[in-house]
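Asks: Before I ask anything, here is the structure I am working with.
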Amino acid sequence: MDFKLANALGRIVELKDRSTGAHTWRVTMYAQAMAEADRMPISDIMSFMLGAVLHDLGKIDVPSDILSKPTGLTDVEYLTMKRHPVDGWERLRRLGVEDPFVLNVVRSHHERMDGTGYPDGLRGMNIPIEARWFAVIDAFDAMTGRRPYRDDIRDNAPALALEDLQAHAGTWYEPRAIDAFKELYDAGRLDSILEHLNDQAGLETRGAPLSREVIEMARDALLKSSLNTADHQRIDAIIELAQHREIES
Ligand SMILES: [Fe+2]
5 MDFKLANALG
15 RIVELKDRST
25 GAHTWRVTMY
35 AQAMAEADRM
45 PISDIMSFML
55 GAVLHDLGKI
65 DVPSDILSKP
75 TGLTDVEYLT
85 MKRHPVDGWE
95 RLRRLGVEDP
105 FVLNVVRSHH
115 ERMDGTGYPD
125 GLRGMNIPIE
135 ARWFAVIDAF
145 DAMTGRRPYR
155 DDIRDNAPAL
165 ALEDLQAHAG
175 TWYEPRAIDA
185 FKELYDAGRL
195 DSILEHLNDQ
205 AGLETRGAPL
215 SREVIEMARD
225 ALLKSSLNTA
235 DHQRIDAIIE
245 LAQHREIES
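Residue numbers (my numbering): 5 to 253.
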């Protein structure tokens, strides 16, 4: 999958899940910084970034009222929410994506080292390394990024988030990934990304508006990978929202 389509899909997920703000943009930039620091080959860096762009693709299939609830999901709602890694993975497989880096980040980014994560309850080294690394990035941004329903992020939020990650080192998160992330943070290498945590512009999805052609491409991909034919109406509604936001505004 090329970056143009992946970016369109990532942006459309953000439009649906208003709580993510520029989350996708930031986690992709963190992923690039971590992959470069780890001296990954360029092709792997690109794959890791692509996984970051697409990590929550499955949220397309989670009803908006569940996505927009900040807390207090019922058990049934939580189960629905917990389907998003597999749904996103399945959609990418249907679109012919075979790159394990991308598929593993999408499927396994909510696994935990002690086996209490989802969707597969994988433990320790059985969790693909790229997913263990991405889990640290995703959690850090979830704890520091401003959300429409939560604008009380304080200046020391990144430091507190790092403490929280370290408190769960080895139980939830890969300790080496936390160390690598902290090293980048301490060296100031994440400052240009962190600058966008609290500004209003950071709440908007970044970049130039998507063209009609790219939105159509995303629509085709979403329909082609649809898990349920009854979803077509819903996908058309999401695309209509994207067209309105991206082209007509
Ligand atoms: Fe997720």
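Just so you know, even glycine gets a beta-carbon here, dropped at the ideal spot from N, CA and C.
Being a predicted model, the structure only gives us computed values, none of them experimental.
#1: Rounded to the nearest angstrom, what separates Ser253 and Gly192 at their Cα positions?
#2: Under 8 angstroms by Cβ, that's how I've got Ile70 and Leu77 pegged, so tell me the actual separation to the nearest angstrom.
#3: For Ala139, report the span of its alpha helix (DSSP H) as first-last.
#4: Please tell me whether Leu225 and Leu19 are closer than 8 angstroms, where the distance is taken between their beta carbons.
#5: Would Ala165 pass as a contact of Arg136 if the rule is Cβ separation under 8 angstroms?
#6: For His59, is the beta carbon positioned less than 7 angstroms from some heavy atom of ligand 1?
#7: I want to check one thing, is the minimum distance from the CB of His113 to the heavy atoms of ligand 1 below 7 angstroms?
#8: Are there 16 or more other CB atoms within 10 angstroms of the CB of Thr209, so buried, or fewer, so exposed?
#9: Under a three-way DSSP split, which group does Ala191 fall into?
#10: Do the stretch 31 to 41 and the stretch 227 to 245 touch if we need at least three Cβ pairs shorter than 8 angstroms?
#11: For Ala10, decide whether its Cβ has a neighbour in chain C, counting only Cβ atoms nearer than 8 angstroms.
#12: With the cut-off set at 8 angstroms, would you say Lys295 and Pro123 are in Cβ contact?
#13: Any heavy atom of ligand 1 closer than 7 angstroms to the beta-carbon of His27?
#14: Report back the beta-carbon spacing between Gly1 and Val109 to the nearest angstrom; my notes put them in contact at under 8 angstroms.
#15: Excluding the 5 residues preceding and the 5 following Leu9 in the sequence, name in chain order all residues of the same chain whose CB lies nearer than 8 angstroms to its CB.
#16: Relative to ligand 1, is the shortest distance from any of its heavy atoms to the C-beta of Pro123 smaller than 7 angstroms?
#17: Reducing DSSP to helix, strand and coil, say where Tyr177 ends up.
#18: Roughly how far, in whole angstroms, is the beta-carbon of His59 from the beta-carbon of Asp145, given that I think they are within contact range, below 8 angstroms?
#19: For Asn130, tell me which candidate among Ile141, Asp142, His113 and Ala143 has the shortest Cα-Cα distance.
Replies: So, from the data block:
#1: Residue mapping note: residue 253 aligns to position 249 of the sequence shown, counting from 1. Residue mapping note: residue 192 aligns to position 188 of the sequence shown, counting from 1. Low confidence applies to Ser253: its pLDDT is 47, below 50, so where it sits in the model is not reliable, and the reading given next is rough at best. Between Ser253 and Gly192, the C-alpha separation is close to 36 angstroms.
#2: Position 66 of the sequence shown holds residue 70. Position 73 of the sequence shown holds residue 77. Sure, about 7 angstroms apart at Cβ, within 8 angstroms.
#3: Along the sequence shown, one-based indexing puts residue 139 at 135. Element bounds for Ala139: Ile133 to Thr148.
#4: Residue 225 sits at position 221 when you count from the first residue of the sequence shown. Residue 19 sits at position 15 when you count from the first residue of the sequence shown. According to the sequence provided, residue 225 is Ala. The question's Leu does not apply to it. Not a contact, by the Cβ cut-off of 8 angstroms.
#5: Here the question's residue 165 lines up with position 161 in the sequence shown. Here the question's residue 136 lines up with position 132 in the sequence shown. Not closer than 8 angstroms, so no.
#6: Position 55 of the sequence shown, counting from 1, holds the residue named residue 59. True, at least one ligand heavy atom lies under 7 angstroms from that Cβ.
#7: Taking the first residue of the sequence shown as position 1, residue 113 is located at position 109. Yes; taking the cut-off as 7 angstroms, the Cβ of His113 has a heavy atom of ligand 1 nearer than that.
#8: For the purposes of this step, residue 209 is taken as residue 205 along the sequence shown, with counting starting at 1. For Thr209, the pLDDT reaches just 49, beneath the cut-off of 50, and the residue's location in the model is therefore unreliable, leaving the point undetermined.
#9: On the sequence shown, residue 191 is found 187 positions in, with the first residue counted as 1. In this structure, Ala191 counts as coil in the three-state DSSP scheme.
#10: no
#11: Among the chains in the structure shown there is no chain C, since it carries only a single protein chain.
#12: Here the chain has residues from 5 to 253 only, and residue 295 is not among them.
#13: Taking the first residue of the sequence shown as 1, we reach residue 27 at position 23. Not so, every heavy atom of ligand 1 lies at least 7 angstroms from the Cβ.
#14: What is shown of the chain runs 5 to 253, which leaves residue 1 out entirely.
#15: On the sequence shown, residue 9 is found 5 positions in, with the first residue counted as 1. Result list for Leu9: Val218, Met221, Ala222 and Ala225, in chain order.
#16: As a position in the sequence shown, residue 123 is number 119, starting the count at 1. False, no ligand heavy atom lies under 7 angstroms from that Cβ.
#17: Taking the first residue of the sequence shown as position 1, residue 177 is located at position 173. Looking at Tyr177 - three-state DSSP - the assignment turns out to be strand.
#18: Your numbering for residue 59 matches position 55 in the sequence shown. Your numbering for residue 145 matches position 141 in the sequence shown. About 11 angstroms separates the two Cβ atoms, so there is no contact after all.
#19: Looking up residue 130 in the sequence shown gives position 126. Nearest C-alpha to Asn130: His113.
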